[in-house]
Amino acid sequence: MVFTPSLGADHRDSFRELLETSYEKRSLVHLPAGSCLPLLRRNVWVVVRGMVKLSAISIHGDELLLGLVGPNEPFGDPLTNVQAYAASTLLDSDLLCLSCEEIAAAPHLAMSLLQGMAARYRQSEAILALLGLRRIEDRVRGLLDLLAADHGQPCEQGLRLPFRLTHQELASALSTTRVTVTRVLGQLRQEGWLKLDSRRHLVIAHQPLRR
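Just so you know, the numbering used here puts the end of the sequence shown at 238, numbered straight through with nothing missing.
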């Protein structure tokens with residue numbers, strides 16, 4: 028699986044500086060892990076720190092994982108046409124809420140948000156490409172590689188995912204079943220490709236290429 032390079036660290040840091048200096052008089056919204064966010068009609072959320080999970084409910088009542096939103100990336104009602112769209116924090120998070128009018132009036136902010144949206148678009152394309160792989164094992168490996176490359180934290184064993192996704196959430200992202208994902212994760216652990224740390228966070232032990 029070939030991944031497109033994402034935004035560099037320099038851009039991420041400069042965008043965070045732009046957010047914090049331009050909006051230093053406005054309080055960030057701090058939410059603990061597991062919180063649901065209200066999706067406002069004419070407002071866009073930007074993750075400053077933390078991680079947000081985007082999901083939807085299928086016509087059969089199943090939760091579908093649509094993607095993960097990390098620092099400097101936007102999400103919100105104006106950016107989607109998906110019905111039954113929901114957002115919740117995977118980690119303790121700080122967020123900024125911006126109106127569409129504010130964004131339109133600030134070209135530098137709009138350009139930075141566009142680059143953040145491009146990162147999310149690349150993530151969505153990569154996940155869609157994984158669905159074209161016939162072997163479920165390859166889909167699981169590819170998704171974990173993608174998450175580790177984007178969000179993994181270096182540790183002694185490899186790259187640690189700082190958040191936890193359930194087997195059902197992984198299955199919904201890859202169009203398979205929870206039982207199958209559980210079996211594949213067990214195989215990957217037996218191979219030593221995947222490990223669990225003391226807090227049961229996934230660690231991708233083979234050191235995937237950082238994007």
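All residues carry an ideal CB built from backbone N, CA and C; glycine is no exception.
For the stretch 68-148, the continuous beta strand (DSSP E) assignments of 3+ residues that do not extend past its boundaries occur at 70-76, 79-84, 90-96, 112-116 and 120-126, in sequence order.
For residue 233, no alpha helix (DSSP H) encloses it, and the DSSP letter there is neither H nor E. For residue 213, the enclosing alpha helix (DSSP H) has its first and last residue at 205-218.
Taking residue 61 as the centre and dropping the five residues before and after it, the same chain places no C-beta closer than 6 Å to its C-beta.
Counting only the Cα atoms, residue 226 lies some 26 Å from residue 163. Contact check for residue 201 and residue 212: beta-carbon distance about 12 Å, past the 8 Å limit, so the pair fails to qualify. Under the three-state reduction of DSSP, residue 221 is assigned to strand.
Beyond the five residues adjoining it in sequence on each side, residue 208 comes within less than 6 Å, by CB distance, of 194, 197 and 198 in the same chain, given in chain order. Counting along the chain, the unbroken alpha helix (DSSP H) around residue 195 starts and ends at 194-200.
When DSSP states are grouped into helix, strand and coil, residue 58 belongs to the strand group. Beyond the five residues adjoining it in sequence on each side, residue 190 comes within less than 6 Å, by CB distance, of 78, 117 and 118 in the same chain, given in chain order. Taking C-alpha positions only, residue 165 is separated from residue 134 by approximately 41 Å. From the listed residues 132, 224 and 68, the smallest Cα separation to residue 185 is found for 224.
Within a 10 Å sphere around the beta-carbon of residue 86 sit fewer than 16 other beta-carbons, which makes this residue exposed. Annotated as proximal: residue 91 and residue 82, with beta-carbon spacing under 8 Å.
Contact annotation: the stretch 153-161 does not touch the stretch 99-109, with fewer than three C-beta pairs closer than 8 Å.
Rounded to whole angstroms, residue 123 and residue 132 show a C-alpha spacing of 17 Å. Secondary structure of residue 166 (DSSP, three-state): helix. A straight-line Cα-Cα distance of about 32 Å links residue 175 and residue 127.
A Cβ-Cβ contact shorter than 8 Å links residue 101 with residue 143.
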